[in-house]
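Everything on this sheet refers to the single structure shown next.
4 protein chains.
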Amino acid sequence: MKILVSYYSRTGNTKKMAELIAQGIQEENITCDLKEISQVNVDELLNYEGLIFGSPTYYGVMAAEMKKLVDDSVKHHGKLIGKIGGAFSSSGMMGGGGETTILSILQAFMVHGMIVVGDAVLQHYGPLAIGEPDEEVHGMCLKYGHKIAVLVKKIFGK
Amino acid sequence: MKILVSYYSRTGNTKKMAELIAQGIQEENITCDLKEISQVNVDELLNYEGLIFGSPTYYGVMAAEMKKLVDDSVKHHGKLIGKIGGAFSSSGMMGGGGETTILSILQAFMVHGMIVVGDAVLQHYGPLAIGEPDEEVHGMCLKYGHKIAVLVKKIFGK
Amino acid sequence: MKILVSYYSRTGNTKKMAELIAQGIQEENITCDLKEISQVNVDELLNYEGLIFGSPTYYGVMAAEMKKLVDDSVKHHGKLIGKIGGAFSSSGMMGGGGETTILSILQAFMVHGMIVVGDAVLQHYGPLAIGEPDEEVHGMCLKYGHKIAVLVKKIFGK
Amino acid sequence: MKILVSYYSRTGNTKKMAELIAQGIQEENITCDLKEISQVNVDELLNYEGLIFGSPTYYGVMAAEMKKLVDDSVKHHGKLIGKIGGAFSSSGMMGGGGETTILSILQAFMVHGMIVVGDAVLQHYGPLAIGEPDEEVHGMCLKYGHKIAVLVKKIFGK
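Residue numbers (the numbering used here), protein chains in the order written: chain A, 2 to 159; chain B, 2 to 159; chain C, 2 to 159; chain D, 2 to 159.
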């Protein structure tokens, strides 16, 4: 079982969140690859049981570089069914479009027939940082990694 | 393992969809209760592994009667974590707010920490009918029932 | 020209935001009525050039009490075309569904054929507070009131 | 006063809708430029009072090529405030993510502080075609062009 955490990041904030989520996954003893989105070949998506994508909040929707990979993934439409999807974002301000950015990624995963999960305690749609991730966001990202890893084990483990 | 299919319906279209989804669930040998939303006591939500809610498309958001139950469910916040959620809607026209109505229900389930799933082939966010459900929508509702039932078995079965 | 600011509030946070937005409107010399949502008769909606609704963030969607008025407004469907709509929310935490709550209101206004407006500097979809509105949110609410009032004057003034 | 209608299109369906919307605008005696998205220089956006963007429905979000221009437009953040925005989409099936694709464009425009408008009669968030635009969609696109043109005249005319 393997999970891919992929991100687009200019300031490093989204990258930092990605690293923490990847660490959380590994703490649950699931192999995790961490890649900048331009380093992901669309064929690789098939190799993972879970995909977690993170984008800065640009105009309330995932970054173009990430949407490009999503659009290219139509080549494998139908082959990602039943995989687990997650999303996170780094935003400039509260109410700045971070929730809709996360949801834009989750909606894309749903169109692929993937499974997504909310959170009753942490940020509900996925981890969201305002500016540089602080201690609280650190903890949220680790826990989000744990959670997705546990769900992958539950669904794909025997 | 039990699934609740609950609906609000004035014309009978959403109710018809609910009946078909319930039938699909039962065909997978999962017990399914089918209830009009006003007949659901909020405490009952705890008894199910899966919750599937359907609302007519009223102003692009689930009906007030359904939101009322969702708001009351705060009483059990944290106790629905990990359950499976699904949603469907009956709409007056294509592009009439049906997708956002379905998503309004799924977002509420995500805030509860529940698991939701998209579809790569059928309507992506959940079954959606325009007016009276036709043969195609019949098939989609049955398949949606199958799918949610299979996911409940995978996650909650041993 | 008149604007209605209506809100649902249990803790008083959303009410406080409503009062500030109403103050901002009045500072632009536009008459503003401020009403708790249950005090609004659906027929009154016709009397205003602008409608600004605020709800606490409950499960990522406007409160049931507000959706009830929206559902009842179908009685006047077509008569709100071209009016100005705005929305705001008070939420428990950042990433807690506040953006989707605001958008649920704006989507309802769009289904009515109304005009809505974003903000390039303040919170993009509408004012959003986390917990008790602080000084920064105070300023945002006042500015939002100004902005909607100015737009009403531009479209409905002669 | 000028409006830009821009689109991304592979099959020609979204392009056909763009042409009809442009025709509707011209019938209201407003100058309209019609451009494929890759032909739009980001600096040009400043020259228009209205921007109407159309994308195929790819994974429930505007196409990467369109998001690229939106991301680049950050260069002019704050300079599009108060302009009118519109959106449309061509989708493969009803419930296929067309509404969320339109909303992804409108949300981007709102982050720019732009004004958007729904429709009480036609498709509520913006014109949406399933496959090749039929006669009904033709009429909707023309009317949408009329409507945006009239709003531009109301707000920017003297």
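Glycine is no exception: its CB is placed at the ideal position from the N, C-alpha and C atoms.
Quick one: Cα of F89 (chain C) to Cα of K68 (chain C), how far? 14 Å
Run through chain B and tell me which residues come within less than 8 Å of V62 (chain C), C-beta to C-beta. V62, M63, K68, V71, S105, Q108, A109
Threshold first: 4 residues or longer. Then list the alpha helix (DSSP H) segments lying entirely within the stretch 3-65 of chain D, N to C. 14-28
Out of D:K76, D:Y60, D:K80, D:H77, which one is the CA nearest neighbour of G96 (chain D)? D:Y60
Do you know how far the Cα of D135 (chain D) is from the Cα of L1 (chain D)? Limits of chain D in this structure are 2 at one end and 159 at the other, which puts residue 1 (chain D) out of reach.
Let me know if N48 (chain A) comes out buried or exposed under the rule of 16 or more other beta-carbons within 10 Å of its beta-carbon. exposed
Per DSSP, what kind of secondary structure is V75 (chain C) in: helix, strand or coil? When secondary structure is reduced to three states using DSSP, V75 (chain C) falls in the helix class.
If the cut is a Cβ gap below 7 Å, which residues of chain B does D120 (chain A) touch? The answer, in chain order, is G114.
First and last residue of the uninterrupted beta strand (DSSP E) at L129 (chain A): 129-131
Would you call T101 (chain B) buried or exposed, if buried means 16 or more other Cβ atoms sit within 10 Å of its Cβ? buried
Return yes when at least one heavy atom of the ligand FAD lies under 7 Å from the C-beta of V41 (chain C), else no. The model on display carries no ligand, and the ligand FAD is accordingly not part of it.
Is the Cβ of H125 (chain C) closer than 8 Å to any Cβ of chain A? yes
Helix, strand or coil for I150 (chain A)? Go by DSSP, reduced to three states. Reading the sequence as shown, one finds Ala at residue 150 (chain A) and not Ile. Looking at A150 (chain A) - three-state DSSP - the assignment turns out to be helix.
Can you tell me whether G1 (chain A) is helix, strand or coil according to DSSP? Since the displayed chain A opens at 2 and closes at 159, residue 1 (chain A) lies outside it and no answer follows.
Buried or exposed by the 16-neighbour rule on C-beta atoms within 10 Å, applied to H77 (chain A): exposed
For the beta strand (DSSP E) that I116 (chain A) lies in, which residues bound it at each end? Taken as a continuous stretch (DSSP letters only), the beta strand (DSSP E) holding I116 (chain A) covers 116-118.
How many Å lie between R11 (chain C) and G83 (chain C) at the Cα? 31 Å
Where A121 (chain D) falls: helix, strand or coil (DSSP): coil
Taking C-beta to C-beta, are V122 (chain D) and A130 (chain D) nearer than 8 Å? No, these two residues do not count as a Cβ contact at 8 Å.
How about Y9 (chain B): is its C-beta nearer than 8 Å to some C-beta of chain C? No, its Cβ sits nowhere closer than 8 Å to a Cβ of chain C.
What would DSSP say about G83 (chain B), mapped onto helix, strand or coil? coil
Beta-carbon separation (whole angstroms), I53 (chain D) vs I4 (chain D), contact threshold 8 Å: 7 Å
Roughly how many whole angstroms lie between the Cα atoms of M63 (chain B) and Q108 (chain C)? 12 Å
Between the alpha carbons of G146 (chain C) and K36 (chain C), how many angstroms are there, rounded? 15 Å
How big is the Cα-Cα spacing for G79 (chain A) and L46 (chain A)? 12 Å
Output needed for M19 (chain B): all residues of its chain with C-beta closer than 7 Å, excluding positions within five of it in sequence on either side, in chain order. Met is not the amino acid found at residue 19 (chain B); the sequence shown has Ala there. Same-chain partners within the cutoff: V6, Y8, L35, G55.
Checking 8 Å against the spacing of the C-beta atoms, do L81 (chain A) and V41 (chain A) come in under that value? no
Please report how far the alpha carbon of K16 (chain B) lies from the alpha carbon of N30 (chain D), in whole angstroms. 48 Å
Taking its Cβ as the centre, do 16 or more other Cβ atoms sit within 10 Å of K159 (chain B), making it buried, or is it exposed? exposed
By the 10 Å Cβ neighbour count, where 16 or more other Cβ atoms means buried, how is S1 (chain D) classified, buried or exposed? Past the edges of chain D, shown from 2 to 159, lies residue 1 (chain D), and the structure says nothing about it.
Name, going along the chain, the residues of the stretch 74-85 of chain C whose beta-carbon falls closer than 7 Å to a beta-carbon of chain D. H78, G79, I82
Please work out which residues of its chain come closer than 6 Å, Cβ to Cβ, to A150 (chain D), disregarding the five sequence neighbours upstream and downstream, and give them in chain order. Result list for A150 (chain D): I26, E29, I31, in chain order.
Test: L47 (chain A) CB closer than 8 Å to a CB of chain E: No chain E is present in this structure, whose protein chains are A, B, C and D.
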